[in-house]
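Everything in the sequence shown is counted per this note's numbering, starting at 2 for the first residue and increasing by one.
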Amino acid sequence: MSPVSNAKAKTKTKTKSASGAAGKRRATGKSATAAATAAPRKAPLAAARADEPAVRAPRTLEELMRQALVMESEAAQRYAELADAMDTHNNREVAELFRKMAEIEGKHAAQILSMMGWAEPPPPSNKPGWEGFEGPETVSSDEVHYLMQPYHALQLALINEQRAERFFAQLSRAARVQSVRKAARELQAEEHEHVALVRAWMKRVPRPDRDWADDPDPARYTD
Numbered sequence: 002m003s004p005v006s007n008a009k010a011k012t013k014t015k016t017k018s019a020s021g022a023a024g025k026r027r028a029t030g031k032s033a034t035a036a037a038t039a040a041p042r043k044a045p046l047a048a049a050r051a052d053e054p055a056v057r058a059p060r061t062l063e064e065l066m067r068q069a070l071v072m073e074s075e076a077a078q079r080y081a082e083l084a085d086a087m088d089t090h091n092n093r094e095v096a097e098l099f100r101k102m103a104e105i106e107g108k109h110a111a112q113i114l115s116m117m118g119w120a121e122p123p124p125p126s127n128k129p130g131w132e133g134f135e136g137p138e139t140v141s142s143d144e145v146h147y148l149m150q151p152y153h154a155l156q157l158a159l160i161n162e163q164r165a166e167r168f169f170a171q172l173s174r175a176a177r178v179q180s181v182r183k184a185a186r187e188l189q190a191e192e193h194e195h196v197a198l199v200r201a202w203m204k205r206v207p208r209p210d211r212d213w214a215d216d217p218d219p220a221r222y223t224d
């Protein structure tokens, strides 16, 4: 090959290489633009254990505390409703205990409002961090019996506090933001203290007899 032909060949090669590089730069630019305009990724789901549902980790401290506030408020409302139900059935002792639990959960909600500087509760998120319609600390109405005794009520409270502790533990494992992770661990520690308090409370309450559900004067319905 003559020197002229060889030079032309080199020129063509350089031109193709330059075109290829420019194409790669354009492709890279398009990819970067697409990534920048893409919808934000959803918050990570915590790896759930066999007996626990997955939870969605909050992205910000405000989001975490908003979830905690909803949990405490819902729990307080449910305990108050159960207290009224027990009053209807003349189960004064359990009604008083449920009302006490409502007061405790209400104080927890007030503490969150004060800590965050919220004059009133912010609007709740459309998608809570837990599965289902009710928060981890809310008593299920299906678990309540009109003849239940204080020990049973404390058992329900214990289950709820343990569930709340596990919930915040999951959030702390899933959180990617340090402030969120730290706050979730602090909330978990608080729930752990609540578990210990309920356990201590249960030791001061007599265990029910086996026939506690026998109603000596059952309701009678007539047409």
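Where a beta carbon is used, it is the ideal one built from N, C-alpha and C, also for glycine.
For Asn-91, there is no enclosing alpha helix (DSSP H), as DSSP marks it with neither H nor E.
Taking 8 Å as the cut-off, the Cβ atoms of Ala-176 and Ala-58 count as close. With a cutoff of 8 Å on beta-carbon distance, Ala-77 and Ala-120 are scored as not near each other. If you look at Arg-205, you'll find it isn't in any alpha helix (DSSP H); DSSP assigns it neither H nor E. A straight line joining the alpha-carbon of Gln-112 with that of Asp-212 spans about 41 Å. Between Pro-207 and Tyr-152, the gap from beta carbon to beta carbon is short of 8 Å.
As the crow flies, the alpha-carbon of Glu-138 is around 20 Å from that of Met-116. Ala-214 has its alpha-carbon roughly 40 Å from the corresponding atom of Met-66. Its chain contains Glu-73, Ala-76, Ala-77, Tyr-80 as the residues whose beta carbon lies nearer than 7 Å to that of Glu-106, once the 5 sequence neighbours on both sides are disregarded; these appear in chain order.
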